[in-house]
């Protein structure tokens, strides 16, 4: 066990993200609530204030935080939970051998139980409902909502500078997010705050079309002890680069213990697909799945603190044959497990039949539904077909059943969709699911580029995010080919962060463009360090720059390797601005074209008088 | 010189692209015209015919072709040119020391003249016009047009299978491309066939919104001898991965000789920005540029065979001050050179003033205009501003002047544009430039991801390609940071090929989806080799697969590392299909939902009788 622990200690990446400082901003409505963010300081020459950015990285990037993987993170939300007086501690369900797949001879090498998992689980007092939606609908603003409001307000203080522009396709993005706005969005089901009462380490975040577009990263798949360390590290690594939630898709053996290590150390919501573990408990034979085994698995994971469950309750018996006409059939694992169960028993899905009972469990722990699209298309050919939309309508029906019990819901979406068919997915989802947050995988906009599917899907993700999707599930370069390693996880997360940001810009999110403008201004003023630090991946930006101009001096040089030392197109722009200024124009002023002739004469004189030597020479900038 | 040559021999990548065969298809209208394509053979088990794909790689991927960089490629079009009887050979302009920047002491190390450049240049007989547009408008179908028609018809033979779907935003994409259709598109200026009479090695291709979306790759920037080899190799490397045209942006010394080596070995159209070389000839001092120096440079490059010239004639004196209000001013090198010249002399641009004289030269060699957008935005903040659109309207005015002399034109576009402002660019271009082909750089949809700008721009490129842009200028991961190396060139080209293909799919191009479906079917049937071979980058696809499952056996295994050997969601899909078949349904048949109950009963029985053991186990496919 010491080995395992030390491995874990070693495996996790800590320390500040290059060029930024961790800060904790007191919520305006409640200073006791301190919201984690990052600030990027700019060079003094800029005369600009630090740029504040959304931060998902948790205490791992805080030099003042003591990280002990074996102890887990601090229970940020614990006091809030008790203060509400509606929860009870109770004796947990006993961990059974089958929870870790150890019914037979253990070939796993063993994973140690999380050493300090002594805390008793919480749940709502008998018959109670502790979901954020339930509070919201009763008009209660929770600390979680206050935290979210402050967190989403990034940069909006500087909005005076901006006239908003964008096409939001009917979204209702406010100039400024108030706790009351958050409450209202959660109450009407248009946003969720995944927050299992047994995951108090989680920093509250919202998923909804009127908030910043979020990104999910998947980890898991490991089944041997030595992988627990790497899975925890992958979780920490993915949130370092911006993953807003993480799904633990671990299967095989040691599922229970692996998940405990991940949740106890995660500052972001954790999602799972419970049917995976239920399947393992019945020896991997789908037909042998029962409601009791599944229900027991939900309780097990609820007590550990899983924040949202993917439930494929929309894969109904009558829909299975619709997959027969497809080019690529059923590509969702959960979907095919349920399809197989339905086929074998010729019965309606037990998930569909027992949906209200599942909801009872969800509300007692405040777990959010992620209604799975088990019949999503697995190829361009199958996009937007009957099977897909038949399931979507059923997910809409189930959404209303969950809402009837004040349980939070989001809806999973495709998949593989050509660009011209993406919008229909968003429109049908909004219409059939009452604006419940949409959570899509890509979609991939072509099937011909395996090895580059983070890009084929990033194109679709940016667009569907613009249309209104609330969270984008990342795709890595290894999609369809193999298991993502640490580098793939980073590339996947950064690709999806830029896609989500492009969507926020296009929607006209008031906080989004501040960072683009700060980076562009830094670029124009040759503040190379600021350019690197303001980017989504400062390490790679500086690495690429240094491959051509490694000298430290180049970091302050008024040129780049594209244009070389003797020429730069940025220089003349600055001169044009200087001339404009000399014409008593503000530096951001505007010389109307019709006045230009006169202006040009004087500018020409100024230019010749100044006799300033422009850098001229080789190279190219932006291709011409 | 022997060194240089052997370097060149070594540097160039030859041999077939993995899994495909070079073929030459006789044009249906003229069997003497043999059109280069590639065919990908599928595993016999598929029972599928080979998949034919568009091929830009030239003789370098043809095992039967003898490649000698010092001799250059065969003059494919030479006979067609003479057959028209409207050209004359003449004594070329003498190469001057300043053409290679050798007026001062030569610090370059020297680049050898292309050894076999003995061929005399051709031009139209006095007062003549040999542009493809001129022929087209006189109703003449040239061999170039026949070649293009055959080349664009990829896969359309199999169209019987398809009902076309897509949103083309007013494009007129035919079910089948005829030479007459090509002639008509060129005649009306909606497509161009760049084909300088002195680049007979070029395989004809068309750029237009009713043809497949094309991709341009930029090379150049080198100024020392040793780089000539790497620049020629970069050209060959970029067309291997699918670049439809290549721009040589070489600057500094040895520009003339470097360009000669590239053109003589290029089977794709070569574009340049002549102002770069003109600037070098006047010692890099923009104010010293004159019409005479520029004109002499045009003749020099026309005689070498440059197929299209980027001319920044839209950067007019009155527009320069409009850049003063910008966040990032002028980011186009050519644009800032002209802006500086205008400022210094307080005169209207000599490119604008002498435009008709430039056109006289273009028509004598059949060089196409690529009217440069010197005032394109260099940041999200500056997108769609007055400076940009003022220039665009002028480019529209110049387009009509060029067309008045039957000279081919395309229009360059931005740049940096958030998603919600992209469509306006396309609409304004179509409206002001009379549907002349649009040729855009990206656009980048956010500024915050340096190091990933091939992706931030790939997102914008796919969308503007869908809206109607005819050619996409690639962006590499090094954009804004450094000079692209060989790997960057490949990533940039493949990223843009997938973006262009996503656009073709969304436009409903009849030939596009054949390849997606073939790859998806191979994926569904576990034909791993076919999956790799059908992808844009077979080498990377197989490499990624083998990182998890290197064994040769895994290439035929009915599972992948995502799902592992004991489970696969594809299997059940195939079972569902089998059951459907047993119900006397065609394998692509459809069981209506209302009949499903009955169908299910029988299927349930079939399933239990068959007692077939499904693979079940660990892992995940497409995230759930």
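Residue numbers (the numbering used here), protein chains in the order written: chain C, 1 to 624; chain U, 1001 to 1624.
In this text, a Cβ means the ideal position worked out from N, Cα and C, and glycines have one as well.
The structure displayed is predicted, hence computed values, not measured ones.
Query: Residue 67 of chain C to residue 322 of chain C span [Cα, whole Å]; Result: 51 Å
Query: Chain C within 9 Å of residue 1258 of chain U, Cβ atoms only; Result: no
Query: Cβ neighbour criterion (16 or more within 10 Å) applied to residue 1164 of chain U; Result: exposed
Query: Chain C contact residues for residue 1477 of chain U, given Cβ-Cβ distances below 8 Å; Result: 544
Query: Alpha helix (DSSP H) runs contained entirely in the region 420-448 of chain C, provided each spans 4 or more residues; Result: 422-432
Query: Identity of the residues DSSP links to residue 245 of chain C by a beta bridge; Result: C/216
Query: Cβ-based burial, residue 1603 of chain U [other Cβ within 10 Å; buried from 16]; Result: Its pLDDT being 43, under 50, residue 1603 of chain U is placed unreliably by the model, and the measurement read from it follows with that caveat. Residue 1603 of chain U comes out buried.
Query: Sequence-distant residues of its chain with Cβ nearer than 7 Å to residue 499 of chain C (five each side left out); Result: 458, 461, 462, 465, 472
Query: Those runs of the alpha helix (DSSP H) which lie wholly inside the region 325-390 of chain C and span at least 4 residues; Result: 333-345, 350-353, 355-365
Query: Among U/1451, U/1531, U/1433, U/1518, nearest to residue 1190 of chain U - alpha-carbon criterion; Result: U/1433
Query: CB of residue 530 of chain C within 9 Å of CB of residue 40 of chain C, strictly; Result: yes
Query: Residue 1020 of chain U - DSSP class collapsed to helix/strand/coil; Result: strand
Query: Proximity test, Cβ basis, 9 Å: residue 1450 of chain U and chain C; Result: yes
Query: Residue nearest to residue 247 of chain C in terms of C-alpha spacing, selected from C/254, C/238, C/253; Result: C/238
Query: Classification of residue 507 of chain C by the beta-carbon crowding that lies within 10 angstroms, buried from 16 upward; Result: buried
Query: Start and end residues, alpha helix (DSSP H) containing residue 1259 of chain U; Result: 1255-1264
Query: Alpha-carbon spacing of residue 409 of chain C relative to residue 444 of chain C, whole angstroms; Result: 24 Å
Query: Cα-Cα separation between residue 1516 of chain U and residue 1166 of chain U, rounded to whole angstroms; Result: 15 Å
Query: For residue 309 of chain C: DSSP bridge partner residues; Result: C/272, C/369
Query: Straight-line Cα distance separating residue 210 of chain C from residue 1263 of chain U; Result: 53 Å
Query: Residue nearest to residue 250 of chain C in terms of C-alpha spacing, selected from C/271, C/267, C/240, C/243; Result: C/271
Query: Burial state of residue 1028 of chain U, where buried means 16 or more other Cβ atoms lie within 10 Å; Result: exposed
Query: Reference residue 1124 of chain U, options U/1114, U/1373, U/1112, U/1303, closest by Cα; Result: U/1303
Query: Short CB-CB distance (under 9 Å) between residue 407 of chain C and chain U; Result: no
Query: Chain-ordered residues of the region 1413-1436 of chain U with a beta carbon less than 7 Å from chain C; Result: 1418, 1419, 1420
Query: Closest by C-alpha distance to residue 181 of chain C, when choosing among C/146, C/213, C/195; Result: C/146
Query: Beta-carbon proximity list for residue 452 of chain C, same chain, < 8 Å, skipping 5 on both sides; Result: 477
Query: Near-chain C residues of the region 1515-1534 of chain U - C-beta to any C-beta below 8 Å; Result: 1515, 1516, 1517, 1519, 1520, 1521, 1523, 1524, 1531, 1532, 1534
Query: Any 3 or more C-beta pairs closer than 8 Å across the region 361-381 of chain C and the region 298-313 of chain C; Result: yes
Query: Best match in C/241, C/245, C/119, C/338 for proximity to residue 285 of chain C [C-alpha to C-alpha]; Result: C/338
Query: Under 8 Å from the C-beta of residue 1277 of chain U: neighbouring residues of chain C; Result: Those do not exist, as residue 1277 of chain U stays about 11 Å from chain C at its closest Cβ, beyond 8 Å.
Query: Burial state of residue 127 of chain C (16 or more Cβ within 10 Å); Result: exposed
Query: Sufficient close CB pairs (3 or more, under 8 Å) joining the region 1536-1547 of chain U to the region 1063-1079 of chain U; Result: no
Query: Rounded Cβ spacing between residue 1413 of chain U and residue 1438 of chain U (contact assumed at less than 8 Å); Result: 5 Å
Query: When C/95, C/54, C/375, C/25 are compared against residue 535 of chain C, the one with the closest alpha-carbon; Result: C/54
Query: Beta-carbon neighbours of residue 459 of chain C, restricted to chain U and to distances below 7 Å; Result: 1458, 1459, 1462, 1499, 1502
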